[in-house]
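Colleague: After the structure tokens below, expect a handful of questions from me.
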Amino acid sequence: MKVLVVGGGGREHAVCKKLAESPLVDALLCAPGNAGIAQTAQCFPDVKATDVEAIVALAGKEHVDFVCVTPDDPLALGCVDALEAAGIAAFGPNAYAAQMEASKIFSKNLMKKYGIPTAESEVFTEMDAALAYLDTRRAPIVVKADGLALGKGVVVAGTIEEARQAVVDMMQGGKFGKSGARVLIEECMFGREVTVLCFTDGKCIVPMRASQDHKRAYDGDKGPNTGGMGAFAPSPLYTEDMAKRVTDEILLPTLRAMNAEGFTFKGVLYVGLMLTEDGPKVVEYNARFGDPETQAVLPLLDSDLMEIMMAVREQRLSELDIRWKDGAAACIVLASGGYPGKYESGKLISGLDDAAAAGATVYHAGTKMTDEGYVTAGGRVLGVTALGETLGDAVVNAYAAARKIHFDGVHMRTDIGSKDCK
Ligand code: AMP
Ligand code: GLY
Numbered sequence: 068m069k070v071l072v073v074g075g076g077g078r079e080h081a082v083c084k085k086l087a088e089s090p091l092v093d094a095l096l097c098a099p100g101n102a103g104i105a106q107t108a109q110c111f112p113d114v115k116a117t118d119v120e121a122i123v124a125l126a127g128k129e130h131v132d133f134v135c136v137t138p139d140d141p142l143a144l145g146c147v148d149a150l151e152a153a154g155i156a157a158f159g160p161n162a163y164a165a166q167m168e169a170s171k172i173f174s175k176n177l178m179k180k181y182g183i184p185t186a187e188s189e190v191f192t193e194m195d196a197a198l199a200y201l202d203t204r205r206a207p208i209v210v211k212a213d214g215l216a217l218g219k220g221v222v223v224a225g226t227i228e229e230a231r232q233a234v235v236d237m238m239q240g241g242k243f244g245k246s247g248a249r250v251l252i253e254e255c256m257f258g259r260e261v262t263v264l265c266f267t268d269g270k271c272i273v274p275m276r277a278s279q280d281h282k283r284a285y286d287g288d289k290g291p292n293t294g295g296m297g298a299f300a301p302s303p304l305y306t307e308d309m310a311k312r313v314t315d316e317i318l319l320p321t322l323r324a325m326n327a328e329g330f331t332f333k334g335v336l337y338v339g340l341m342l343t344e345d346g347p348k349v350v351e352y353n354a355r356f357g358d359p360e361t362q363a364v365l366p367l368l369d370s371d372l373m374e375i376m377m378a379v380r381e382q383r384l385s386e387l388d389i390r391w392k393d394g395a396a397a398c399i400v401l402a403s404g405g406y407p408g409k410y411e412s413g414k415l416i417s418g419l420d421d422a423a424a425a426g427a428t429v430y431h432a433g434t435k436m437t438d439e440g441y442v443t444a445g446g447r448v449l450g451v452t453a454l455g456e457t458l459g460d461a462v463v464n465a466y467a468a469a470r471k472i473h474f475d476g477v478h479m480r481t482d483i484g485s486k487d488c489k
């Protein structure tokens, strides 16, 4: 089969590498892709992931048999709907189902209606009402823009003043355009966070290995939120008992709720959990693989990803027996100095081959190929993933490989997994 992956980050590199292992895949394309993905797939740097028309045209022109739509924006824009309408098989939820991520109010209403545990929250369409409500609440409190905001639409405010500022920024400042026209103000939950990526075909839901992301920029979970500075899987917090609880109280009820609402979600449902004193609660759903969780989870997958994606699309996921490797995987993100704030690009990267020789897989997120070699071209530059028998081994192996890579201003957290290594 000829397969096109839509997207161009570290997550898409991991998806491409896994698909390339499949005997079902003869040719792999990626739009736009990136310099690292170009080692595995034919890339189309001029075709933007959000340009649905151009994606459909590319798939047609290249006689693609199957498209995997990975990022949130094209899913919300109806990329899967458009491909399927053009007679091209596609993996991912349709635009309606993608609202599970694209509208926090949509998913919050679904959780409320079907009793799925999550933070209490109120919706506001008027800024004055939101501010008046805040006067009656105590900090910490969470303010969320309704729509997609590049992962930046959530403010966990330590003071009511900070929460007021967030409301004003979102609703008046127009920082997030239409995404901020409606906001949610919700109770702050406390606990550890776990990500459960699930394959679902609308009939059954199959969790992958649970993982943990590290969202803050600096060691000790300090500094600003980022797209994710590292991840590992499986999560030791996700014990068998917890897995059962989450399946019974969250995953199956979510599947039933989506069906009861009359829509079918096919693809990857990302369930972001907070393990609170009162049990596991949903922080958010995403309608796709997570980044960088995928770079830690997919290397542990022992089954054929292409086969799974086809089964999801054809709603015969229950026929498959999805297998996982023993052991653990850790992914360390190497970022440009200054990220998530201002940073410089174009720094020459060395040591990539040494990291690979150390047994790691280096996923490219923001790199560019030049005559001198790979240079940095983004905030998050690389994700270095290594496996190990235990989480501790995986972390040690990943750091050993990551430390072989250099570029000016390179920044990585040095404590990925440290809270959970025994
Ligand atoms: P989201 O974009 O919804 O994933 O939110 C980003 C991050 O904000 C989450 O990973 C949590 O760390 C934090 N967060 C979101 N909602 C809450 C909440 N109700 N209570 C505490 N932290 C939250
Ligand atoms: N790792 C968080 C996300 O993919 O949204």
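Per my numbering, the very first residue in the sequence shown carries number 68; after that it's consecutive.
C-beta: ideal position from N, C-alpha, C; glycine also.
Which runs of the alpha helix (DSSP H) at least 4 residues long sit entirely within the segment 227–270? Give them in chain order.
Modeller: With a minimum length of 4 residues, the continuous alpha helix (DSSP H) runs that stay inside the segment 227–270 are 227–238.
Colleague: Tell me which same chain residues have a C-beta within less than 7 Å of the C-beta of Gly74, skipping the five on either side of it?
Modeller: Here residue 74 is taken as the residue at index 7 of the sequence shown, counted from 1. Around Gly74: Ala116, Thr137, Pro138.
Colleague: What are the uninterrupted segments assigned as beta strand (DSSP E) that are 3 or more residues long and contained completely in the segment 278–314, given in chain order?
Modeller: Listed in chain order, they are 283–285, 289–292, 297–300.
Colleague: So Lys414 and Val442 are in contact, right, with Cβ under 8 Å, and what is the actual spacing, rounded?
Modeller: Position 347 of the sequence shown, counting from 1, holds the residue named residue 414. Position 375 of the sequence shown, counting from 1, holds the residue named residue 442. That belief holds up - the Cβ atoms of Lys414 and Val442 are roughly 6 Å apart, short of 8 Å.
Colleague: Please indicate yes or no: does the CB of Met256 lie closer than 7 Å to some heavy atom of the ligand AMP?
Modeller: In the sequence shown, counting from the first residue as 1, residue 256 sits at position 189. Yes, Cβ of Met256 sits closer than 7 Å to a heavy atom of the ligand AMP.
Colleague: Which class does Gly214 belong to by DSSP, given the choice of helix, strand or coil?
Modeller: For the purposes of this step, residue 214 is taken as the residue at position 147 of the sequence shown. Residue state, collapsed to three classes: coil.
Colleague: Could you check whether the Cβ of Glu189 sits closer than 7 Å to any heavy atom belonging to the ligand AMP?
Modeller: Reading the sequence shown from its first residue, position 122 is the one you call residue 189. Outside the cutoff, so no.
Colleague: Straight-line CA distance for Gly182 to Lys348?
Modeller: Within the sequence shown, residue 182 is the residue found at index 115, counting from 1. Within the sequence shown, residue 348 is the residue found at index 281, counting from 1. Cα to Cα, Gly182 sits roughly 11 Å from Lys348.
Colleague: Can you give me the C-alpha to C-alpha distance between Leu419 and Ala444, rounded to a whole angstrom?
Modeller: Stepping through the sequence shown from its first residue, residue 419 is reached at position 352. Stepping through the sequence shown from its first residue, residue 444 is reached at position 377. Their backbone Cα atoms lie some 15 Å apart in a straight line.
Colleague: Does the Cβ of Glu360 lie closer than 7 Å to at least one heavy atom of the ligand GLY?
Modeller: Position 293 of the sequence shown holds residue 360. Glu360: yes, Cβ under 7 Å from the ligand GLY.
Colleague: For Leu96, is the classification buried or exposed, using 16 other Cβ atoms within 10 angstroms of its Cβ as the cut-off for buried?
Modeller: By one-based count along the sequence shown, residue 96 stands at place 29. Leu96 should be labelled buried.
Colleague: Taking the straight line between their C-alpha atoms, what separation do you get for Gln109 and Leu198?
Modeller: Taking the sequence shown and counting its residues from 1, the one referred to as residue 109 is at position 42. Taking the sequence shown and counting its residues from 1, the one referred to as residue 198 is at position 131. Each residue's alpha carbon lies about 51 Å from the other.
Colleague: Buried or exposed: Thr437, going by 16 or more other Cβ atoms within 10 Å of its Cβ?
Modeller: Here the question's residue 437 lines up with position 370 in the sequence shown. Flag for Thr437 reads exposed.
Colleague: Please list the segments of the alpha helix (DSSP H) lying wholly inside the segment 327–359, counting only runs of 4 or more residues, in order along the chain.
Modeller: Complete alpha helix (DSSP H) runs here, min 4: none at all.
Colleague: Relative to the C-alpha of Arg447, which candidate in Glu439, Asp280, Thr434 has its C-alpha closest?
Modeller: Here residue 447 refers to the residue found at position 380 when the sequence shown is read from its first residue. Ranking Glu439, Asp280, Thr434 by Cα distance to Arg447 puts Thr434 first.
Colleague: Span of the beta strand (DSSP E) holding His431?
Modeller: Stepping through the sequence shown from its first residue, residue 431 is reached at position 364. Taken as a continuous stretch (DSSP letters only), the beta strand (DSSP E) holding His431 covers 428–431.
Colleague: DSSP beta-bridge partners for Cys488?
Modeller: Along the sequence shown, one-based indexing puts residue 488 at 421. DSSP lists no partner for Cys488.
Colleague: Does the segment 303–322 come within contact of the segment 146–156, defined as at least 3 CB pairs closer than 8 Å?
Modeller: No, the segment 303–322 does not touch the segment 146–156.
Colleague: Does the contact criterion of 3 or more C-beta pairs under 8 Å hold for the segment 373–387 versus the segment 269–280?
Modeller: The segment 373–387, when compared against the segment 269–280, does touch it at the 8 Å Cβ threshold.
Colleague: Is there contact between the segment 359–368 and the segment 450–468, where contact requires at least three CB pairs shorter than 8 Å?
Modeller: Touching, per the Cβ criterion.
Colleague: Hey, would you say Ala277 sits closer than 8 Å to Thr262, going by beta carbons?
Modeller: Locating residue 277 in the sequence shown gives position 210, where the first residue counts as 1. Locating residue 262 in the sequence shown gives position 195, where the first residue counts as 1. Yes, they are a contact pair.
Colleague: Would the beta-carbon of Asp280 be found less than 7 Å away from any heavy atom of the ligand GLY?
Modeller: Here residue 280 refers to the residue found at position 213 when the sequence shown is read from its first residue. Yes, the beta carbon of Asp280 sits closer than 7 Å to at least one heavy atom of the ligand GLY.
Colleague: What is the residue span of the alpha helix (DSSP H) that Ile172 lies within?
Modeller: Walking along the sequence shown from the start, residue 172 turns up at place 105. Where Ile172 is concerned, the enclosing alpha helix (DSSP H) stretches over 171–180.
Colleague: Pull up the CB-CB distance for Leu91 and Glu374, whole angstroms please, since I reckon it's below 8 Å.
Modeller: Residue numbering aside, residue 91 sits at position 24 when the sequence shown is read from its first letter. Residue numbering aside, residue 374 sits at position 307 when the sequence shown is read from its first letter. 7 Å between Cβ atoms; contact.
Colleague: Looking at Ala105: is its Cβ nearer than 8 Å to the Cβ of Leu71?
Modeller: Start at 1 with the first residue of the sequence shown, and residue 105 comes out as number 38. Start at 1 with the first residue of the sequence shown, and residue 71 comes out as number 4. No, the Cβ-Cβ distance between Ala105 and Leu71 is not below 8 Å.
Colleague: Determine the direct distance from the alpha carbon of Ala395 to that of Gln232, and round the result to whole angstroms.
Modeller: Position 165 of the sequence shown, counted from the first residue, corresponds to residue 232. Position 328 of the sequence shown, counted from the first residue, corresponds to residue 395. If you take the alpha carbons of Gln232 and Ala395, they lie about 41 Å apart.
Colleague: Would you tell me roughly how many angstroms separate the C-alpha atoms of Ala453 and Thr293, rounded to the nearest one?
Modeller: What you label residue 453 is simply residue 386 of the sequence shown in a count that begins at 1. What you label residue 293 is simply residue 226 of the sequence shown in a count that begins at 1. Whole-angstrom Cα-Cα distance: 22 Å.
Colleague: Evaluate Lys489 with the Cβ neighbour count: other Cβ atoms within 10 Å of its Cβ, from every protein chain shown; 16 or more gives buried, anything less gives exposed.
Modeller: In the sequence shown, counting from the first residue as 1, residue 489 sits at position 422. Exposed is the call here.
Colleague: Let me make sure I understand the geometry here. Which of Ser174, Pro207, Ala102, Lys211 has the alpha-carbon closest to that of Phe191?
Modeller: Sequence index remark: in the sequence shown, residue 191 carries index 124 (1-based). Taking only the C-alpha atoms, the option nearest Phe191 is Lys211.
Colleague: If we call anything under 8 Å between Cβ atoms a contact, is Ile483 one with His281?
Modeller: In the sequence shown, the residue the question calls residue 483 occupies position 416. In the sequence shown, the residue the question calls residue 281 occupies position 214. Yes, these two residues count as a Cβ contact at 8 Å.
Colleague: Val400 and Gly297 look like a contact to me (Cβ under 8 Å); what is the Cβ gap, rounded to whole Å?
Modeller: The residue given as residue 400 occupies position 333 in the sequence shown. The residue given as residue 297 occupies position 230 in the sequence shown. Right, their Cβ atoms sit about 5 Å apart.
Colleague: If you reduce the DSSP assignment to three classes, tell me which class Leu449 lands in.
Modeller: Counting from 1 along the sequence shown, the entry for residue 449 is found at position 382. Leu449 falls in the strand class under three-state DSSP.
Colleague: Is Ser174 buried or exposed, if buried means 16 or more other CB atoms sit within 10 Å of its CB?
Modeller: The sequence position of residue 174 within the sequence shown is 107, counting from 1. It counts as buried.
Colleague: Determine the DSSP secondary structure at Lys435, reduced to helix, strand or coil.
Modeller: Taking the first residue of the sequence shown as 1, we reach residue 435 at position 368. Reduced to three states, the DSSP call for Lys435 is strand.
Colleague: Glu344: which of Arg259, Asp213, Val82 sits nearest, CA to CA?
Modeller: Here residue 344 is taken as the residue at index 277 of the sequence shown, counted from 1. It is Arg259.
Colleague: Give the range of the alpha helix (DSSP H) segment to which Lys85 is assigned.
Modeller: Position 18 of the sequence shown holds residue 85. That run of the alpha helix (DSSP H) goes 77–87.
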